[in-house]
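Only one structure is covered here, and it is reproduced in the block below.
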Amino acid sequence: MISFRDPNARLKTRNMDSRTDFLIIGSGIAGLMVALKVAPTGTVAIVTKKQAVDSNTNLAQGGIASVFDQQDSFDLHIQDTLTAGDGLCNPDVVRQVVTSGPERIRELVAIGVGFNTAASGSQGTAATALDLGREGGHSCNRIVHAHDMTGREVERVLLERARQNKNIRFYENHIAVDLITFSTRIKRGLVTTTHEDYCCGAYVLDRLSLRVKTFGARITLLATGGAGKVYLYTSNPDIATGDGIAMGYRAGATVANLEFVQFHPTCLYHPAAKNFLISEAVRGEGGRLIDAGGHPFMQHYDPKKDLACRDVVARAIDTELKRTGRESVFLDISHRPAAFVTSRFPNLYEKCLSFGIDMTREPIPVVPAAHYMCGGVVTDIFGRTDIQRLYAIGETACTGLHGANRLASNSLLEALVYADAAARQALQDMDARHQGECPNVPDWDDVGTSDSDEQIMVAHNWDEIRRCMWNYVGIVRSDKRLARAQRRIATIQQEIQEYYWNFKVSAHLIELRNIATVAELIIQCAAHRKESRGLHYNIGYPQKDDRRWRKDTLTRRQMLG
Ligand SMILES: Cc1cc2nc3c(=O)[nH]c(=O)nc-3n(C[C@H](O)[C@H](O)[C@H](O)COP(=O)(O)OP(=O)(O)OC[C@H]3O[C@@H](n4cnc5c(N)ncnc54)[C@H](O)[C@@H]3O)c2cc1C
601 MISFRDPNAR LKTRNMDSRT DFLIIGSGIA GLMVALKVAP TGTVAIVTKK QAVDSNTNLA
661 QGGIASVFDQ QDSFDLHIQD TLTAGDGLCN PDVVRQVVTS GPERIRELVA IGVGFNTAAS
721 GSQGTAATAL DLGREGGHSC NRIVHAHDMT GREVERVLLE RARQNKNIRF YENHIAVDLI
781 TFSTRIKRGL VTTTHEDYCC GAYVLDRLSL RVKTFGARIT LLATGGAGKV YLYTSNPDIA
841 TGDGIAMGYR AGATVANLEF VQFHPTCLYH PAAKNFLISE AVRGEGGRLI DAGGHPFMQH
901 YDPKKDLACR DVVARAIDTE LKRTGRESVF LDISHRPAAF VTSRFPNLYE KCLSFGIDMT
961 REPIPVVPAA HYMCGGVVTD IFGRTDIQRL YAIGETACTG LHGANRLASN SLLEALVYAD
1021 AAARQALQDM DARHQGECPN VPDWDDVGTS DSDEQIMVAH NWDEIRRCMW NYVGIVRSDK
1081 RLARAQRRIA TIQQEIQEYY WNFKVSAHLI ELRNIATVAE LIIQCAAHRK ESRGLHYNIG
1141 YPQKDDRRWR KDTLTRRQML G
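Counting in my numbering, the sequence shown runs from 601 upward without gaps.
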């Protein structure tokens, strides 16, 4: 074991593959936005595990919630967020995010993001005349959008700007393996920490050369997105394996509220469609959920019917599927004029048509799927984790905004607001205390490991974890199912650990290790909460219990020292 605790140690570049002021892990909206904000003051390395564009952000459809309408107010947006969060939002955080929203949107417009404008329905750059959509749980029209491809437009512009910036260097096909914390004892990423630790970079696998590189940094920011791939059915792309949560946890950061997994009610149900989401905006524009007989059913579950919050709608569909034994329900917007549907939802229309479904004439078959992780690495209002010089922003963080349930289109907003807050704070941190400070860290040590001869173990465990989580830790939970899942995941974890220490790491193995860790933590949090609240529903405790459980579920790896 190697231990280095000399606070005066300086960064020695000779064993570093990269030395930078800011190491940003992830190139979605959170990572790119913070990069643009700190780049005028320091050097930035963005490591991203596939192509830079591969992110949840790029798939976001509906838009970004913010108050622009005359009828709307900050108080209404705050109230809607608190209602969705079901008693667990941090009101100060909600106010900060909501009131900063318009400024952050104007910033996007100023750098060239083309949102739809009210007058023409076409894309433009005048923030005063933005077209505002409506989504479930919102009491006003407040969803700023670029047709039904908002994320793609935002990602396009942010990437373009970041690539133009000479201070920002991209490392595509580089997957972070583990964080490096000062005073850490490390052997192949086995990181044990103490309370005085601070983060000074990360070990990163270059997927092309297959070499693990050492990235030293004064400030490290986790912007690794969500964890949808922990579940069998998900709207998330392949990158969403909860790496930031797993790395943060292993490094000793507190994580919270992982039981609150949002299942999007409407993913396209088609054997050839991989993870295709049918935006909530379809229901916002009058789309109705119907059963196979063509009967609407949401009136049986909530007074807001099809515009009820996502958890209510997802549970209603789950109940309908179990009640009828069918494989899907349907979302019908064929009563709206075809010209409106094709212009409002060009992407959805084309995609459905490619699977032989004409949404202007027939209902779309849909099922729920894991969509958004409300919990994550705990941060303060500046995005700081409880490890010094380590920040977490975007979906990987747990800021207190979402509480027990995220309000639709609040996540892109949260990422923007926290990218801004974290950038300001990180610049101050760097100025104030950490000039030049960064220890010399040992290179990745894989002595005694060999190339894997059993890739089948990795593939099999991937599948088993995702099925287990879908079946036992899904929309409706019970103590018995959670206990069963806990036992299975523990056995798989043991297998993965043995494999991990014996063979050279690969991207697949790194991700497997991470989804196993996140699965374990989700189960731990879910088993701990003996009530039903927001997105967490346990049939053994169907009521909310404010007296005992109106609090976050916090968990932290056992610390040394
Ligand atoms: C289909 C879909 C539709 C959505 N629609 C909306 C919407 O309309 N409005 C809204 O507010 N939200 C929406 N969301 C949620 C929203 O898109 C995400 O919460 C948000 O984009 C997260 O941004 P992020 O920057 O935190 O993460 P991401 O955009 O997911 O970016 C994460 C980045 O980290 C990289 N990464 C991950 N692990 C590693 C690693 N170990 N090493 C290196 N790089 C790594 C990834 O490759 C990626 O570049 C939607 C999500 C999906 C999936």
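Every residue, glycine too, gets a C-beta built ideally from N, C-alpha and C.
Name the DSSP beta bridge partners of residue i, please?
i, result
"residue 811", "806"
"residue 888", "932"
"residue 774", "806"
"residue 952", "DSSP, once it has assigned bridges, lists no residue as partnering residue 952."
"residue 622", "644 and 819"
"residue 743", "665 and 733"
"residue 1050", "1103"
"residue 992", "822"
Just to confirm, are residue i and residue j a CB contact at a threshold of 9 Å?
i, j, result
"residue 1073", "residue 1090", "no"
"residue 914", "residue 847", "no"
"residue 767", "residue 642", "yes"
"residue 702", "residue 666", "yes"
"residue 1018", "residue 994", "yes"
"residue 865", "residue 744", "no"
"residue 657", "residue 751", "yes"
"residue 976", "residue 688", "no"
"residue 648", "residue 626", "yes"
"residue 801", "residue 827", "no"
"residue 970", "residue 836", "yes"
"residue 876", "residue 868", "yes"
"residue 862", "residue 806", "no"
Between the C-alpha atoms of residue i and residue j, what's the straight-line distance to the nearest angstrom?
i, j, result
"residue 844", "residue 1101", "21 Å"
"residue 1121", "residue 761", "37 Å"
"residue 671", "residue 886", "20 Å"
"residue 780", "residue 797", "10 Å"
"residue 839", "residue 874", "14 Å"
"residue 1065", "residue 932", "34 Å"
"residue 694", "residue 979", "14 Å"
"residue 946", "residue 832", "28 Å"
"residue 652", "residue 718", "31 Å"
"residue 964", "residue 902", "22 Å"
"residue 753", "residue 632", "13 Å"
"residue 916", "residue 660", "24 Å"
"residue 982", "residue 999", "9 Å"
"residue 1013", "residue 708", "11 Å"
"residue 961", "residue 954", "15 Å"
"residue 841", "residue 1097", "17 Å"
Residues in its own chain within less than 6 Å of residue i by CB, not counting five upstream and five downstream?
i, result
"residue 698", "674, 677 and 678"
"residue 1117", "846"
"residue 684", "737, 909, 1005 and 1007"
"residue 569", "Only positions 601 to 1161 of the chain appear in the structure, and residue 569 is not among them; the question remains open."
"residue 617", "813 and 814"
"residue 630", "823, 993, 994, 1015 and 1019"
"residue 700", "1017"
"residue 948", "748"
"residue 1150", "687"
"residue 1127", "1082"
Counting only the same chain and skipping the five closest in sequence on each side, list residues whose C-beta sits under 7 Å from that of residue i.
i, result
"residue 1142", "1132"
"residue 918", "968, 1075 and 1076"
"residue 891", "897, 920, 924 and 929"
"residue 1027", "638 and 641"
"residue 984", "991 and 1025"
"residue 957", "964"
"residue 727", "Summary for residue 727: the model assigns pLDDT 48, below 50, so the residue's position carries little reliability; its value from the coordinates is reported in the next sentence. The residues are 705, 706 and 709."
Can you tell me whether residue i is buried or exposed? The criterion is at least 16 other CB atoms within 10 Å of its CB, across all chains shown.
i, result
"residue 943", "exposed"
"residue 852", "buried"
"residue 900", "exposed"
"residue 774", "buried"
"residue 1136", "buried"
"residue 829", "buried"
"residue 951", "buried"
"residue 789", "With a pLDDT of only 49 at residue 789, under 50, the local geometry of the prediction cannot be trusted, and the value read off the model is given with reservation. Residue 789 should be labelled buried."
"residue 1139", "exposed"
"residue 1167", "No answer is possible for residue 1167: it lies beyond the span of the chain, which begins at 601 and ends at 1161."
"residue 1158", "exposed"
"residue 1047", "exposed"
Against chain C, does residue i count as a neighbour if the rule is that its beta carbon must be under 9 Å from one of theirs?
i, result
"residue 871", "You won't find chain C in this structure, because it holds only one protein chain."
Take residue i and list the residues in its own chain whose beta-carbon comes closer than 8 Å to its own, dropping the five residues that flank it on each side.
i, result
"residue 810", "1104 and 1106"
"residue 682", "689, 691, 694 and 1003"
"residue 854", "977, 978, 985, 986, 1154, 1155 and 1156"
Check whether the Cβ of residue i lies closer than 8 Å to any heavy atom of ligand 2, and answer yes or no.
i, result
"residue 1149", "Although ligand 2 was asked about, the structure shown includes only ligand 1 as ligands."
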